[in-house]
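Okay, so the sequence shown: first residue is 7 according to our numbering, each after it adds one. Heads up, the beta-carbon is just placed ideally off N, CA and C, and yes, glycines get one too. Structure first, commentary second.
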Amino acid sequence: MRIAVLSPRNPVPVYTGLLERTYQTCRFLGERHTVNVFFPDEPGRQDEEGRVPDHQPFERTKLESPVLDVLGRAVPDYSALKGLYHTHPWLYGSLRSTLQRFDPDLLVVEFPYLMPLTRAASRGFDCPVILSEHNVEYKFAERLDIPLWRLLRRFEVHACNQADAVFTVSETDRDTLAAQLDGGTEVGVAPNGVDVGRYRPARERDSALVRERYQLTSPVLVFHGNLGNAQNAEVVDLLVEDVFPAVRREFDDASLMLLGADPPEETPPGVVTTGVVDDLPAHIAAADVAVAPMLSGSGTNLKILEYLATGVPVVTTRIGAEGLPLRHGETAALADPADVPAATVRLLRDPDRRETLGTNGRDLAVSEFSWSRTLEPYERAIERLLDTHRASEGMRTTNA
7 MRIAVLSPRN PVPVYTGLLE RTYQTCRFLG ERHTVNVFFP DEPGRQDEEG RVPDHQPFER
67 TKLESPVLDV LGRAVPDYSA LKGLYHTHPW LYGSLRSTLQ RFDPDLLVVE FPYLMPLTRA
127 ASRGFDCPVI LSEHNVEYKF AERLDIPLWR LLRRFEVHAC NQADAVFTVS ETDRDTLAAQ
187 LDGGTEVGVA PNGVDVGRYR PARERDSALV RERYQLTSPV LVFHGNLGNA QNAEVVDLLV
247 EDVFPAVRRE FDDASLMLLG ADPPEETPPG VVTTGVVDDL PAHIAAADVA VAPMLSGSGT
307 NLKILEYLAT GVPVVTTRIG AEGLPLRHGE TAALADPADV PAATVRLLRD PDRRETLGTN
367 GRDLAVSEFS WSRTLEPYER AIERLLDTHR ASEGMRTTNA
């Protein structure tokens, strides 16, 4: 099968959850099929720091446009216009010509923003189009109190109705979208996963090296992600202003390690920012407790799966656990945002409970959320979709 994947970003280097899922999906499918990832070239945008996997069994192709080159020279910082990359017709010619050369059997669109462009550029192609929904975007915007989220809802529902099939990352998201669609679009679930070979409990020596490198004193808390985006920035504020002070009142030498790009410029004593790190799993595994009191978002949270896989006990909120089969007191400590400081202190006081949560969390990640386990049903579903499409096209040809 020849699969064209349309992504809003180059999937490599990997530095966000969006790119992690895109990379893992393309890696998995690329080991069995011919996969090419098409993404808008953004002049002036520097490649971000991040992981460059050795194993990349897929091609990557930039979508270029002279108009974008002009904008890149004329407007030094035009991040506010980034949405135009994904929806404006100036990419139509570039996308259509590259798709004609690739001749796909199937089109996969990551996020709804590229769907109108993809549908226009693939008009006349004999292939089904799948929309991969990493979140329900309008729910994400609504929870962040972003204006015009209702307009985004109309756009997103329309994008879903344009697809032959939609895949969400959780049953919650599936039900939310399916209730609003016309009914002619199949809505399935392709859960997020985690690389359980890469994210695993660390050896004591490796944890000691991480702690020594940053002069961390016990107990150590951890949170990671793109710290500058709205969803994570509000968590960082809660950690620095409420959670960590409460922990330090009980544990004078406690440390908080914030891993990822765009950390806050100023932090209080005991809070360590690392920027992007080469060996993220080892840094996470060096902590005693992961604290991820998510206040907004949609889909399922990849960072929660990464904490589980490393065997680090996690404190999170109901939103942080959304779409995941976490059980309070068995695989995670779940708390309302206001109760997260106290829940974190209680967990730090109880080493036996930390060990239980860490072990159970690791077992859950390995048994239910390895990428092969979550993506194999997705592959079977898209193969069935293609078979059905070919059969229906064959019937139309016969009856013509």
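Tell me the DSSP secondary structure of residue i in three-state form.
i	result
PRO207	coil
GLY50	Model confidence at GLY50 stands at a pLDDT of 49, short of 50, so the residue's coordinates are unreliable; what they give is reported in the following sentence. Reduced to three states, the DSSP call for GLY50 is coil.
GLU164	The amino acid at residue 164 is misidentified as Glu; the sequence shows His. If DSSP states are grouped into helix, strand and coil, HIS164 belongs with the helices.
PHE131	coil
GLY329	coil
MET7	coil
ALA338	strand
MET263	strand
PHE257	coil
SER376	strand
LEU187	coil
THR322	strand
LEU233	coil
GLU139	coil
THR306	coil
VAL114	strand
Considering only the alpha carbon of each residue, which of the options lies closest to residue i?
i	options	result
VAL246	PRO274, GLU139, TYR220, ASN238	PRO274
TYR119	LEU150, PRO14, THR191	PRO14
LEU392	ASN366, VAL114, ASP151	VAL114
GLN63	TYR29, LEU150, THR104, ARG159	Note that residue 63 is Pro in the sequence shown, not Gln. PRO63 has its Cα closest to that of TYR29, out of TYR29, LEU150, THR104, ARG159.
TYR423	PHE117, GLY130, VAL135, ARG125	This structure does not reach residue 423, given that the chain is present from 7 up to 406, and the question cannot be answered.
PRO19	ARG333, GLY56, ASN141	GLY56
THR104	PHE44, SER224, LEU150, LEU158	PHE44
PRO299	ASP284, ASP259, GLY281, ALA348	ALA348
Go ahead and label residue i buried or exposed: buried means 16 or more other beta carbons lie within 10 angstroms of its beta carbon, across all protein chains shown.
i	result
ASP179	buried
ALA338	buried
LEU112	buried
HIS61	exposed
VAL253	buried
ILE388	buried
LYS68	exposed
ASP201	buried
ARG368	buried
ALA126	exposed
SER176	buried
SER128	buried
GLN237	buried
SER373	exposed
GLY89	In this prediction, GLY89 scores a pLDDT of 48, lower than 50, which makes its location untrustworthy; no coordinate-derived value is stated.
LEU154	exposed
Thinking residue i and residue j are a contact (beta carbons under 8 Å), I'd like their distance in whole angstroms, please.
i	j	result
VAL346	VAL277	Rounded, the Cβ-Cβ distance is 16 Å, inconsistent with contact.
LEU101	MET121	Contact doesn't hold; Cβ gap of about 12 Å is too wide.
PRO343	LEU244	7 Å
THR279	PRO269	4 Å
ALA169	VAL135	5 Å
TYR21	ALA267	7 Å
Closer than 6 Å to a non-hydrogen atom of the ligand PLP - does that hold for the CB of residue i?
i	result
ILE9	Absent from the structure shown: the ligand PLP. Ligands present: none.
Under 8 Å, with one C-beta from each stretch per pair, do the region 310-327 and the region 198-216 reach the 3-pair mark?
yes
Should the region 373-388 be regarded as contacting the region 190-200, the criterion being three or more beta carbon pairs within less than 8 Å?
Yes: at least three Cβ pairs fall under 8 Å.
Taking contact to mean at least 3 C-beta pairs separated by less than 8 Å, is the region 261-274 in contact with the region 227-238?
Segments in contact, yes.
Decide yes or no for the touch test of the region 328-342 against the region 213-224: beta carbon pairs closer than 8 Å, at least 3 of them.
Under the three-pair Cβ rule at 8 Å, the region 328-342 does not count as touching the region 213-224.
Indicate whether the contact test is met: 3 or more Cβ pairs, each with one atom in the region 316-323 and one in the region 276-296, closer than 8 Å.
yes
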